[in-house]
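Have a look at the structure below before the remarks.
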């Protein structure tokens, strides 16, 4: 079982859309995939039309095993399952803080599902907390969506520095450009320069796209209603690159 | 809690009503449908089904599909041509996995059309208020179709309910809804090929040439023999249409084996029927069989082609080509003669009279009619076994071949007796006894075949040499064959001593004594 975590300190960078679409692509390719929504805003959960069970809680998430397995919901798409998010996840940090081996709890919890899934895709909340550290430890690929702007690139550097400072694993740290606008000169030059200088960036660039925005009203992954847009093709390319790195 | 996967309504109309009710409780989205029309093919003796396989040809796309009976997974597939074949041999399929598998399973038997079916599946998604799918429902329908596409009154319809993980409560609701409407929960659905078979009045394994008549323990000899003969007569009659249509060689083979079995029973188990009956039918059945001899001989020789080619170096194959062409021509003629004879009123009269006699209530006029079959069987088996030991021991390295042929016939008679009375003897011990015999039987059988082949090839060679203008190629091939066959025959004969010793062994004799009783085996 491999774990991909979509993570950025900054919000609104197209993280959830990427998590849902990459998980959907993996499942359509035959990988038993679990999309793990850890963001209390529960956007991924909403996209897949799922509601979390009443008994679902931060405690169950940390414990793993059968109790966690019972909270998993099968999506409408073959091979794609979802662990829904709950508002209660906002207290995850406190729960984690109170437990032993507090940085490794999420990794251990996910390991209890290793027989059932080939891939776990985590949609992580945007901040730097103990939960983020858990996500970083659990991930084989820590995938950071970056908007080609100065501010967004700054948070990418911050993340890198944070990992170094906290002696967290950096081998799996990779990024890709998200919500790029071809018509903006600044976007184009930032993409160009960064791809040349930073090998940790995947070369697929996800464009700013109305098709992706439609995921909200459609409540479905992009590929369920659109396969031809530039964004759909870019996600497909990104997934191909990821597979080369991960499998 | 796991839910039953398949639910059976009685028919399609009922299924539609159930679906309407499901729609009242769930938002139902139709996800699509698929229809498959297929024609089944099977050997007359169910070799595919017995190997857990179904062969079907689908119309669109036109292809062959070999699937497993249990989970319906695909074993092999191949593009199919058009046309309406009445039979296909494995070598008639395009080279590939399908042909290889069919050759292994069907051997020299042809696959024959065995009915058609049409199967359709409609896919439905049951959704909750959020538009989220909570379980899936597939309406599966299968029906047998007539060759012209019309429906025959054989069909099945069922729902397959697949819960989605995390939505077991909703799946239970859907299952309850099906149950309330009167659907019956069941295990896996039956293969639609069964409907196709039924539409042509067939049922898996409804034919087997293997004689195993289950006799009740206390049965009287005459009754036992009647059952044995009736079984053989059924087998013989069921093969007649296949012989007429010349579908494959095994129809005639099974027909002949059935006749021979009955003739052996008549001569081996004397005194259970009135002497007149034994005499008349012994003669009449032999007459029918004689009319098929020539055709069977030619079938055997034609089937030997591969084996003959394997014996000869490739440069001598050319001579065989002409020989087998000639044989095929002769076979045409032999088939015509054989069919003329089988279709004669006299033949059907014999079979009809024979059946009429066998179906009559038992009469006890014959001297051994009322003897218990079990005791009689043991006595006959004992006698035969003693005879085999005596004859076998007399065979040495220099004994003429004729003695081995005689012994083969003795062994064959013992095998027939075991087939007749086997069900009255303890199964395990009989099986292990038969196993001991098999090796010897195989060696004697093979030895006999080689002798026959040699004689036949020699005759062909003599005839070829007598005729002017015979190609030297043919003479060379036949000459080559003759020496190879002679070598193979000697090799087979050399194996006899050891195989017989395996049988003439204190342990086997003790087993025979336990099985057949008496003092046999001390011989």
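Protein chains in written order, with this note's numbering: chain A, 159 to 405; chain B, 11 to 533.
Cβ coordinates follow ideal geometry from the N, Cα and C atoms, glycine included.
In the DSSP assignment, residue 304 of chain A falls outside any alpha helix (DSSP H) and within the unbroken beta strand (DSSP E) covering 299-304.
Residues of the region 131-159 of chain B whose Cβ lies closer than 8 Å to any Cβ of chain A, in chain order: 135, 140, 141, 142, 143. Annotation for residue 343 of chain B: no beta strand (DSSP E) segment contains it, though the alpha helix (DSSP H) segment containing it runs 327-352. Taken in chain order, no unbroken stretch of beta strand (DSSP E) lies wholly in the region 227-255 of chain B with a span of 3 residues or more. Taking CB atoms only, residue 239 of chain A has a neighbour in chain B less than 8 Å away. Bounds of the beta strand (DSSP E) holding residue 361 of chain A are 359-365. Here residue 295 of chain A carries a helix assignment [DSSP, helix/strand/coil]. Cβ neighbours of residue 468 of chain B within its own chain (closer than 7 Å, five residues either side excluded): 492. Using beta-carbon distances, residue 279 of chain A does not count as an interface residue toward chain B, since no partner is under 8 Å. Against residue 232 of chain A, the close residues of chain B are 174, 175, 176, 177, in the order they occur along the chain (beta-carbon pairs closer than 8 Å). Residue environment analysis places residue 249 of chain B among the buried positions, since at least 16 neighbouring C-beta atoms fall within 10 angstroms of its C-beta. The beta carbons of residue 179 of chain A and residue 303 of chain A sit no closer together than 8 Å. Within the same chain, 231, 233, 240, 242 come within 8 Å of residue 208 of chain A by CB-CB distance, once the 5 residues on both sides are set aside. Rounded to the nearest whole angstrom, the C-alpha separation of residue 300 of chain B and residue 166 of chain B is 48 Å. A Cβ-Cβ contact shorter than 8 Å links residue 164 of chain B with residue 208 of chain B. Taking 8 Å as the threshold, the shortest C-beta distance from residue 358 of chain A to chain B does not fall below it.
Taking every protein chain shown into account, the CB of residue 357 of chain A has fewer than 16 other CB atoms within 10 angstroms, so this residue is exposed. In summary, the residues of the region 194-215 of chain A whose CB is separated from some CB of chain B by less than 8 Å are 206, 207, 208, 209, 211, in the order they occur in the chain. Residue 342 of chain A counts as exposed, since fewer than 16 other beta carbons sit within 10 angstroms of its beta carbon. Contact check for residue 250 of chain A against residue 210 of chain A fails: the beta carbons are separated by 8 Å or more. The straight-line gap separating the alpha-carbon atoms of residue 371 of chain A and residue 39 of chain B is approximately 25 Å. For the set B:451, B:105, B:434, B:72, the Cα lying nearest the Cα of residue 507 of chain B is the one of B:451. Close CB contacts of residue 360 of chain A within its chain, under the 8 Å cut and outside five residues either way in sequence, are with 332, 333, 334, 396, 399, 400 (chain order). Beta-bridge partners of residue 205 of chain A (DSSP): none assigned. Closest in C-alpha terms to residue 252 of chain B, from the list B:322, B:265, B:243, comes B:265. Taking 8 Å as the threshold, the shortest C-beta distance from residue 377 of chain A to chain B falls below it.
Selection A:183, A:273, A:160 evaluated against residue 384 of chain A yields A:183 as nearest (Cα-Cα). In this structure, the straight-line span from the alpha carbon of residue 345 of chain B to that of residue 247 of chain B is close to 18 Å.
Beyond the five residues adjoining it in sequence on each side, residue 280 of chain B comes within less than 7 Å, by CB distance, of 288 in the same chain, given in chain order. Restricting attention to B:121, B:303, B:132, the CA atom closest to the CA of residue 50 of chain B is found in B:121. In the displayed model, residue 436 of chain B falls within coil according to three-state DSSP, outside both helix and strand. Cα atoms of residue 324 of chain B and residue 482 of chain B: separation of roughly 16 Å, rounded to the nearest angstrom. Annotated as proximal: residue 322 of chain B and residue 487 of chain B, with beta-carbon spacing under 8 Å.
DSSP places residue 76 of chain B within a strand segment (E or B) once states are collapsed to three. By a beta-carbon distance limit of 8 Å, residue 280 of chain A contacts residue 164 of chain A. Their separation comes to about 7 Å.
Residue ranges of uninterrupted beta strand (DSSP E) with 3 or more members, entirely inside the region 131-187 of chain B and ordered along the chain, are 143-155, 161-173.
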